[in-house]
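Colleague:
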Amino acid sequence: NAGVMQNPRHLVRRRGQEARLRCSPMKGHSHVYWYRQLPEEGLKFMVYLQKENIIDESGMPKERFSAEFPKEGPSILRIQQVVRGDSAAYFCASSAAGERSPLHFGNGTRLTVT
Amino acid sequence: GQQVMQIPQYQHVQEGEDFTTYCNSSTTLSNIQWYKQRPGGHPVFLIQLVKSGEVKKQKRLTFQFGEAKKNSSLHITATQTTDVGTYFCAGYGGSQGNLIFGKGTKLSVKP
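Residue numbers (the numbering used here), protein chains in the order written: chain Z, 167 to 280; chain F, 50 to 160.
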């Protein structure tokens with residue numbers, strides 16, 4: 167019974183490159199959340215998606231960041247033209263029923279921008 | 050927008066001592082969730098509180114939800130080294146369903 171799968175675990179990108187982070191939710195879960203965490207800090211909400219729909223993207227930077235959760239395949243968080251300030255751990259979480267349901271987190275992707 | 054605040058930010062205790070972290074929301078919450086993140090790990094769901102004044106226990110951990118549903122606490126009795134990690138509270142913001150996390154309390158336990 168696989169949990170939330172994120173890949174890659176570690177990603178190194180040079181400034182200006184693109185970063186693609188993938189997340190496969192738990193089996194049976196159709197709600198996906200992305201959070202960003204800086205060292206020694208809390209979890210900052212970025213975006214909440216259901217299949218083919220963005221429900222809430224109030225935490226996403228207006229530029230360079232985008233997210234999708236297609237009908238088939240994993241959810242993707244895409245960061246274009248990365249800058250050093252994008253270096254962080256990005257966690258994906260899924261839930262069965264959305265609001266008021268516990269979140270199950272993946273192991274995260276540690277993005278380092280050089 | 051909604052804010053969830055946690056104190057203290059850090060807590061260092063001797064093994065066997067008790068530990069408490071407090072969580073306050075700027076708005077009334079429908080429920081509150083608690084998560085634990087071990088160093089280098091990912092957040093793991095601990096518990097959810099829904100009712101006003103609710104108290105739940107998990108072994109040495111006691112969780113409370115305030116009467117006004119705007120605050121909560123987690124108390125650990127007789128801490129052990131396995132309790133080390135960061136404890137987060139989280140509540141749902143607005144009507145969209147995004148879970149807002151507090152900044153967490155980082156617990157270290159000296160053996």
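Note that beta-carbon positions come from the ideal geometry of N, C-alpha and C, so glycine has one too.
Report the partner residues of residue 254 of chain Z according to the DSSP bridge assignment.
Modeller: The partner list for residue 254 of chain Z (beta bridge, DSSP) reads Z/277.
Colleague: Please determine, among F/113, F/51, F/64, F/56, the residue with the shortest C-alpha to C-alpha distance to residue 132 of chain F.
Modeller: If we check each option's Cα against that of residue 132 of chain F, F/64 comes out closest.
Colleague: Does the beta carbon of residue 214 of chain Z come closer than 9 Å to any beta carbon on chain F?
Modeller: Closer than 9 Å: yes.
Colleague: What does the alpha-carbon distance come out to for the pair residue 101 of chain F and residue 172 of chain Z?
Modeller: Each residue's Cα considered, the two are about 36 Å apart.
Colleague: Would you list the one or two residues that DSSP bridges to residue 222 of chain Z?
Modeller: Answer is Z/214.
Colleague: Determine the chain F residues that contact residue 207 of chain Z at a beta-carbon separation under 7 Å, and present them in chain order.
Modeller: In chain order: 152.
Colleague: Residue 156 of chain F bridges to which residues according to DSSP?
Modeller: Answer by DSSP bridge pairing, in chain order: F/60, F/134.
Colleague: How about the stretch 88-99 of chain F and the stretch 259-277 of chain Z: do they share at least three Cβ pairs that are nearer than 8 Å?
Modeller: Segments in contact, yes.
Colleague: Verify the CB distance criterion: does residue 269 of chain Z have a CB-CB separation below 9 Å to chain F?
Modeller: It does; some Cβ of chain F falls within 9 Å.
Colleague: So with CB distances below 7 Å, who are the chain Z contacts of residue 71 of chain F?
Modeller: Simply none; closest approach about 15 Å.
Colleague: Would you identify the three-state DSSP class for residue 80 of chain F, choosing helix, strand or coil?
Modeller: Reduced to three states, the DSSP call for residue 80 of chain F is coil.
Colleague: My output table needs one value for residue 234 of chain Z: the three-state DSSP class, helix, strand or coil.
Modeller: Note: residue 234 of chain Z maps to strand in three-state DSSP.
Colleague: Helix, strand or coil: which one does DSSP assign to residue 92 of chain F?
Modeller: If DSSP states are grouped into helix, strand and coil, residue 92 of chain F belongs with the strands.
Colleague: DSSP state of residue 108 of chain F, grouped into three classes?
Modeller: In this structure, residue 108 of chain F counts as coil in the three-state DSSP scheme.
Colleague: Identify the contact partners of residue 211 of chain Z in chain F, using a Cβ-Cβ distance below 9 Å as the criterion.
Modeller: Residues of chain F passing the Cβ test: 142, 147, 148, 149, 150.
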